[in-house]
Amino acid sequence: MGVSTDNFRSWVPRPVLEQARATLQDIAHIAACFRGEGPPPFQARGASAPSPGPVPVPVPVPVPVPVRAASAVITRRLRVLSSELCTPSALAIAFETEDGQPLGADAGQFLTVHWPLNGVVEKRAYSLASRADDGTRGRLVVKGAAGGRVSASLVARAGELRHLEVTGPSGHFVLDVRSRRHVFLAAGSGITPIASMLLTHVPLRKQDTFTLVYGSTSPEETILRRELLDLANEFPERFSIRWAFDQNANHFRSVPPPFSGALGGDLLTEILRTQPVIDLHDAAVYLCGPSPMMKAAQAVLDGANVPPARIRTERFASPGSRNVGPQNAVAGAVGSVRRVALRVILDGKTQEIIASTAQTILEAGLGAGLPMPYSCSMGGCASCRVHVTSGMAVMEEPNCLEAEEQRQGYVLACCTRPTSDLTVEVS
Ligand code: FES
Numbered sequence: 001m002g003v004s005t006d007n008f009r010s011w012v013p014r015p016v017l018e019q020a021r022a023t024l025q026d027i028a029h030i031a032a033c034f035r036g037e038g039p040p041p042f043q044a045r046g047a048s049a050p051s052p053g054p055v056p057v058p059v060p061v062p063v064p065v066p067v068r069a070a071s072a073v074i075t076r077r078l079r080v081l082s083s084e085l086c087t088p089s090a091l092a093i094a095f096e097t098e099d100g101q102p103l104g105a106d107a108g109q110f111l112t113v114h115w116p117l118n119g120v121v122e123k124r125a126y127s128l129a130s131r132a133d134d135g136t137r138g139r140l141v142v143k144g145a146a147g148g149r150v151s152a153s154l155v156a157r158a159g160e161l162r163h164l165e166v167t168g169p170s171g172h173f174v175l176d177v178r179s180r181r182h183v184f185l186a187a188g189s190g191i192t193p194i195a196s197m198l199l200t201h202v203p204l205r206k207q208d209t210f211t212l213v214y215g216s217t218s219p220e221e222t223i224l225r226r227e228l229l230d231l232a233n234e235f236p237e238r239f240s241i242r243w244a245f246d247q248n249a250n251h252f253r254s255v256p257p258p259f260s261g262a263l264g265g266d267l268l269t270e271i272l273r274t275q276p277v278i279d280l281h282d283a284a285v286y287l288c289g290p291s292p293m294m295k296a297a298q299a300v301l302d303g304a305n306v307p308p309a310r311i312r313t314e315r316f317a318s319p320g321s322r323n324v325g326p327q328n329a330v331a332g333a334v335g336s337v338r339r340v341a342l343r344v345i346l347d348g349k350t351q352e353i354i355a356s357t358a359q360t361i362l363e364a365g366l367g368a369g370l371p372m373p374y375s376c377s378m379g380g381c382a383s384c385r386v387h388v389t390s391g392m393a394v395m396e397e398p399n400c401l402e403a404e405e406q407r408q409g410y411v412l413a414c415c416t417r418p419t420s421d422l423t424v425e426v427s
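What follows is the structure, given as structure tokens:
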């Protein structure tokens, strides 16, 4: 004699049914992880859970495959108008918004490109490298060589790109509009946000002066060289450039002649000493370039007693990670995917959801339908800052949080994954 499902449900207590349903769902979730499919969207505890359907049998594997969860982050679609090499190793991608809405960027801000690579959606920040007041249009410049896997993949698609999925614009590396004097120190692809500021503001801010020290491998590898030269020729009374090349400086004609050598501390000191046009007095100073150049430039500025409040920096680097949480707490293993309880305090209300150690706090919150704030979705803008009040997590480094914010227990929800049950407050 068989027992119908309805009869079975009628004599099993509801809490037991709910528990069994949750357990079956977890098994399905773990099995999906082992198959490399990533966890499903999160569900709020107490919400009516859908039937998990047939229960797959988990297949044990010796080493769990790390998975990246599907993201609930909403991206914006750009239509690529052209994608051409502008130096032997840099790709200029001109685009317009597909929805016809203005891009809405400030000069110096960046877009986060969501790029599928080997089955994972990677996120990388690329600064706008064009005027910011061009309505629906803009341009990114991506340096391929030594620029990382995503950059190399984009450059390899030169001429073929049709669309990009992005979040942003994001970031605070923009012109200090209180200042009348602006000094920019750039090297390599660090020129892109600075070029955006120069192309946007030099024509309009007639009372300001702008000087650029720009270091590059060689004249041939210099990104946006022609446009910057044209800008300096058009507005010589308020914009001047000092060039520095690691190689082939003698291939380039300028007045004064270019400097020869890598833009490190010694060369920068020499340029500042010999070029009175670069006047640091009361100037806002902007730094963007490879890490060694940034460190050297910062040391030179410290030596010249430029107050930190007048220095703006932009850093992009490959992510690492570090553990965060109360002192003496022990972080959970990052490598194995587990479910944890995530409590999110938002507008004074606490919402508890089931999360996975494979997803970021932001992905978990958005997946559960919570209105979590965010912009860049990759650690560069602090729009998603939350305060950890209990539990452990691991946050990717580098990110844009100040050391003091980190010491106080703030993390960025978009690049922090729980390693234990966790409570965060959206600040
Ligand atoms: S959304 Fe920009 S740092 Fe998280």
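What the sequence shown shows, in the working numbering, is residues 1 to 427, in sequence order.
Every residue, glycine too, gets a C-beta built ideally from N, C-alpha and C.
Any heavy atom of the ligand FES within less than 7 Å of a residue's beta carbon puts that residue on the list, which reads SER170, LEU362, TYR374, SER375, CYS376, SER377, MET378, GLY379, GLY380, CYS381, ALA382, SER383, CYS384, ASN399, CYS400, LEU412, ALA413, CYS414, CYS415. Here GLY144 really is in contact with SER89; their C-beta atoms are around 5 Å apart, less than 8 Å. In terms of Cβ geometry, PHE173 and GLU314 form a close pair [threshold 9 Å].
Within the segment 243-302, complete alpha helix (DSSP H) segments of at least 4 residues are found at 265-274, given in chain order. For GLU165, the enclosing beta strand (DSSP E) begins and ends at 163-170. Counting C-beta atoms within 10 angstroms of its own C-beta, HIS114 has 16 or more neighbours from the protein chains shown and is therefore classed as buried. Between the beta-carbon of VAL337 and that of MET372 there is about 21 Å, and that puts the pair past the 8 Å contact cut. If you ignore the 5 residues before and after ALA297, its C-beta comes within less than 7 Å of the C-beta of LEU185, LEU268, LEU287, all in its own chain and listed in chain order. Under the three-pair Cβ rule at 8 Å, the segment 110-124 counts as touching the segment 163-172.
The C-beta of THR200 has 16 or more other C-beta atoms within 10 Å across all chains shown, which makes the residue buried. As computed with DSSP, PHE210 is found in a beta bridge with HIS182, PHE239.
Taking a contact to require three or more Cβ pairs closer than 8 Å, the segment 210-228 and the segment 188-197 qualify as touching.
LEU117 and SER153 do touch by the CB rule: their CB atoms are close to 6 Å apart, below 8 Å. Inter-segment contact for the segment 412-426 and the segment 380-388 is present: three or more beta-carbon pairs are separated by less than 8 Å.
The segment 135-143 makes no contact with the segment 342-362, as fewer than three CB pairs between them are under 8 Å. Between the alpha carbons of GLU160 and SER83 lies a distance of about 7 Å. In chain order, LEU81, SER82, ARG139 place their CB closer than 6 Å to the CB of ALA94, counting only its own chain and leaving out the 5 sequence neighbours on each side. If you look at ALA92, you'll find it in the beta strand (DSSP E) that goes 90-97.
ARG242 and CYS376 have their C-alpha atoms spaced approximately 33 Å apart. Rounded to the nearest angstrom, the Cβ distance from ALA284 to ASP176 is 4 Å, consistent with a contact under 8 Å. Counting along the chain, the unbroken alpha helix (DSSP H) around ILE361 starts and ends at 361-367. Of the residues LEU280, HIS281, LEU229, SER291, the one whose Cα lies closest to the Cα of ALA262 is SER291.
In the DSSP secondary-structure assignment, GLU84 is bridged to ALA92.
The continuous alpha helix (DSSP H) containing ILE191 extends over residues 191-201. Residue pairing by DSSP puts GLN351 in a beta bridge opposite VAL344.
Each of GLU270, ALA309, ALA304, SER216 was checked against the Cα of LEU280, and the nearest Cα belongs to ALA304. Residues of the same chain with a CB within less than 6 Å of the CB of GLY190, apart from the 5 flanking positions on each side, are CYS288, GLY289 in chain order. By the criterion of a C-beta distance shorter than 8 Å, LEU224 is surrounded in its chain by CYS86, ALA129, VAL141, ILE191, THR192, ALA195, once the five residues flanking it on both sides are discounted. THR313 is bridged by DSSP to LEU287. Annotated three-state conformation of SER420 is strand, per DSSP. In the displayed model, ALA156 falls within a helix according to three-state DSSP. The Cβ atoms of ALA393 and ILE354 lie no closer than 9 Å to each other. In the three-state reduction of the DSSP assignment, SER151 falls in the helix class. Just measuring C-alpha positions, the residue of GLN275, ARG226, PRO256, ARG131 sitting nearest LEU103 is ARG131. Beyond the five residues adjoining it in sequence on each side, GLN275 comes within less than 7 Å, by CB distance, of ARG242 in the same chain, given in chain order.
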